[in-house]
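Below: the structure, in structure tokens.
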Amino acid sequence: MNLAGLTELHRHLDVSVRLSTLLELAQARGLVPQSTSLEGFRADFILREPMSDLGSVLAKFTLYQQVLDRYEVVERAAFEAAEDAYREGIRVIEFRFSPGFVCELSKMPWLEALDGFHDGLKRAMTVYPDLKAGLICIGSRDFGMGSIEKTIEFFLRERDRFVGFDLAGDEAAYPNHLYRQAIKPVIASGAKITIHAGEAAGPDSVWAAIEDLGAIRIGHGIRSIEDPKLMEYLCEKRILLEMCPTSNRITSAWPDYSTHPFRRCFEAGVPVCLNTDDPSIFGNTLADEIRIARDRMGLSDDAIQKSFDTARAHSFLA
Ligand SMILES: [Zn+2]
Numbered sequence: 070m071n072l073a074g075l076t077e078l079h080r081h082l083d084v085s086v087r088l089s090t091l092l093e094l095a096q097a098r099g100l101v102p103q104s105t106s107l108e109g110f111r112a113d114f115i116l117r118e119p120m121s122d123l124g125s126v127l128a129k130f131t132l133y134q135q136v137l138d139r140y141e142v143v144e145r146a147a148f149e150a151a152e153d154a155y156r157e158g159i160r161v162i163e164f165r166f167s168p169g170f171v172c173e174l175s176k177m178p179w180l181e182a183l184d185g186f187h188d189g190l191k192r193a194m195t196v197y198p199d200l201k202a203g204l205i206c207i208g209s210r211d212f213g214m215g216s217i218e219k220t221i222e223f224f225l226r227e228r229d230r231f232v233g234f235d236l237a238g239d240e241a242a243y244p245n246h247l248y249r250q251a252i253k254p255v256i257a258s259g260a261k262i263t264i265h266a267g268e269a270a271g272p273d274s275v276w277a278a279i280e281d282l283g284a285i286r287i288g289h290g291i292r293s294i295e296d297p298k299l300m301e302y303l304c305e306k307r308i309l310l311e312m313c314p315t316s317n318r319i320t321s322a323w324p325d326y327s328t329h330p331f332r333r334c335f336e337a338g339v340p341v342c343l344n345t346d347d348p349s350i351f352g353n354t355l356a357d358e359i360r361i362a363r364d365r366m367g368l369s370d371d372a373i374q375k376s377f378d379t380a381r382a383h384s385f386l387a
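Sequential numbering of the sequence shown, starting at 70, is according to the numbering used here.
See the structure below:
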């Protein structure tokens, strides 16, 4: 299979920091001992098995929040993340980040984070002219309605530097319908919307993402498989599910690859594509997801190629 010219639509930029850079930044801030080797750090940091201890997992996310603390660092992180994606054979990549999450601990101004991420991607596209990269702005449900509203205002103000809008965080505790009012200005602006849904909650969450929040793509959406009417609707309206098999297994959103909904959705005609989600924490590449789809789910190379064509057709990047 020709792995060049791939498209990825669901990759969190803050959790795509190159591991060697993450270690260097963490050591410079005294967060990781100087004696730690890259191999040792990788062995300790990367999540390879389903999570059991949420505390230690959250500590890993905290490390990104601690090191991404100023423009130069953020710009470098974005450049390297885009370069790593390019080296994986990706030519169209949509990164996403939550300004509320990235800046929570460092107190870096949101605009500084956006400047850095945006400029880093721009530099990557100059160095690799056949790369197209864009940014999706995430509102974090867990930070409360005030934070969502602030994120929406920020998104609308900086609209030119984003290709789309997303909501992430605990969809079970903070169901999508709660944001129906708040997201109206985003819908009115004509922005393209993807929503994390149907990962930790069932089909109702996906319905709400579509009907209440105007989503034309869904992050994960694996539990759409439980609702035949929804499956039909996704086919008919060509709503794409951005699936992330490794992520689902590690977070225990889905227990195994052999029964993972990617294949069943594909065969039912639902638009689906493969993504890495948080590559710097799961240690995965898009090539790993392709291998999983082929070897563990039994999809043909043709089917996998078709899912990448579908991803390309659904990209928010013009
Ligand atoms: Zn995600």
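We put the beta carbon where it would ideally sit given N, CA and C, even for glycine.
Specify the secondary structure class of residue i as computed by DSSP and reduced to three states.
i, result
"residue 215", "helix"
"residue 226", "helix"
"residue 382", "helix"
"residue 196", "helix"
"residue 174", "coil"
"residue 111", "helix"
"residue 74", "coil"
"residue 261", "coil"
"residue 104", "coil"
"residue 206", "strand"
"residue 130", "helix"
"residue 289", "strand"
"residue 305", "helix"
"residue 162", "strand"
"residue 341", "strand"
Nearer than 7 Å: is that true of the beta carbon of residue i relative to any heavy atom of ligand 1?
i, result
"residue 237", "yes"
"residue 81", "yes"
"residue 233", "no"
"residue 288", "yes"
"residue 187", "no"
"residue 383", "no"
"residue 329", "no"
"residue 211", "no"
"residue 265", "yes"
"residue 346", "yes"
Which value, in whole angstroms, describes the spacing of the CA atoms of residue i and residue j?
i, j, result
"residue 366", "residue 226", "43 Å"
"residue 224", "residue 180", "10 Å"
"residue 124", "residue 315", "20 Å"
"residue 136", "residue 176", "11 Å"
"residue 263", "residue 283", "8 Å"
"residue 141", "residue 82", "15 Å"
"residue 170", "residue 269", "19 Å"
"residue 155", "residue 200", "7 Å"
"residue 162", "residue 328", "27 Å"
"residue 79", "residue 186", "16 Å"
"residue 379", "residue 309", "8 Å"
"residue 373", "residue 297", "23 Å"
"residue 272", "residue 290", "8 Å"
"residue 99", "residue 111", "18 Å"
"residue 330", "residue 143", "35 Å"
Is the distance from the Cβ of residue i to the Cβ of residue j below 8 Å?
i, j, result
"residue 265", "residue 305", "no"
"residue 362", "residue 368", "yes"
"residue 190", "residue 202", "yes"
"residue 242", "residue 221", "no"
"residue 150", "residue 87", "yes"
"residue 207", "residue 148", "no"
"residue 294", "residue 334", "yes"
"residue 211", "residue 233", "no"
"residue 205", "residue 75", "no"
"residue 350", "residue 84", "yes"
"residue 433", "residue 95", "The first residue shown for the chain is 70 and the last is 387, placing residue 433 beyond what the model contains."
"residue 245", "residue 188", "no"
"residue 57", "residue 303", "Examination of residue 57 is not possible in this model, given that the chain is present from 70 through 387 alone."
For residue i, would you say it is in contact with chain B, using Cβ-to-Cβ distances shorter than 8 Å as the test?
i, result
"residue 103", "Among the chains in the structure shown there is no chain B, since it carries only a single protein chain."
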